[in-house]
Amino acid sequence: MKVQELTNYTYQGPNEWDTVDFWVGTIADDQGKTTQVRVMDQDPRDNNPGNVVRSLLDQLRSGELTEDDFARQLLRYDDPAKIDEEHTWTLTSEFTPIKDGVLKAE
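Just so we're aligned: 85 in full-length UniProt numbering is position 85 of the sequence shown, and the numbers increase by one with no gaps anywhere.
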């Protein structure tokens, strides 16, 4: 398994504490079949400490995780929940650390 693409979107909700990191990725298995994953990292001030994907990316960069392990961890955290569309959420930042199967340097 390999992550083909991974993009982070940070959204600001109606209140300053409503900040959400939302990751969207595409994983390809050994046969080339792709699966989309969505992982929502909550703001550190919430009960969920967040930054799960950033931590996994650090482990991938340092060699602690293989590409296969990284992809499997993303599948484990896959959460199809979407941002509540009742609120006016604003995209505040976006970056793509993995594109076309290549991990970019920080």
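Using N, Cα and C, we set each Cβ at its ideal position, and we do this for glycine too. Note that the structure is a prediction, hence the values are computed from the model and not measured.
1. Taking just the CA atoms, how far does residue 24 sit from residue 40?
2. For residue 71, which three-state DSSP category applies?
3. Given residue 34, which residues of its chain have a CB within under 6 Å of its CB, disregarding the five upstream and five downstream residues?
4. Can you tell me which of 63, 21, 12 and 16 puts its alpha carbon nearest to the alpha carbon of residue 6?
5. In the DSSP assignment, find the alpha helix (DSSP H) that holds residue 58 and state where it starts and stops.
6. Would you say residue 37 and residue 65 are within 7 Å of each other, going by their C-beta atoms?
7. From this set, 2, 89, 8 and 70, which residue's C-alpha is nearest residue 15's C-alpha?
8. From what residue to what residue does the beta strand (DSSP E) around residue 15 run?
9. What does the alpha-carbon distance come out to for the pair residue 99 and residue 4?
10. Nearest by alpha-carbon distance to residue 30: which of 1, 54 and 52 is it?
Working from what's here:
1. As a working note, residue 40 is residue 40 in the sequence shown. As a working note, residue 24 is residue 24 in the sequence shown. If you take the alpha carbons of residue 40 and residue 24, they lie about 9 Å apart.
2. Position 71 of the sequence shown, counting from 1, holds the residue named residue 71. Helix at residue 71.
3. By 1-based counting over the sequence shown, the position of residue 34 is 34. Excluding positions up to five away in sequence, the list reads 26 and 28.
4. The residue given as residue 6 occupies position 6 in the sequence shown. For residue 6, the nearest C-alpha among the options comes from 21.
5. The residue labelled residue 58 in the question sits at position 58 within the sequence shown. Start and end: 52-62.
6. The residue you call residue 37 lines up with position 37 of the sequence shown. The residue you call residue 65 lines up with position 65 of the sequence shown. Not a contact, by the Cβ cut-off of 7 Å.
7. By 1-based counting over the sequence shown, the position of residue 15 is 15. For the residues 2, 89, 8 and 70, the minimum Cα distance to residue 15 belongs to 89.
8. Here residue 15 corresponds to residue number 15 of the sequence shown, with the count starting at 1. Note, residue 15: premise wrong, no beta strand (DSSP E); not H, not E.
9. Position 99 of the sequence shown holds residue 99. Position 4 of the sequence shown holds residue 4. Rounded to the nearest angstrom, the two C-alpha atoms are 6 Å apart.
10. Residue numbering aside, residue 30 sits at position 30 when the sequence shown is read from its first letter. Checking every option, the nearest Cα to that of residue 30 belongs to 1.
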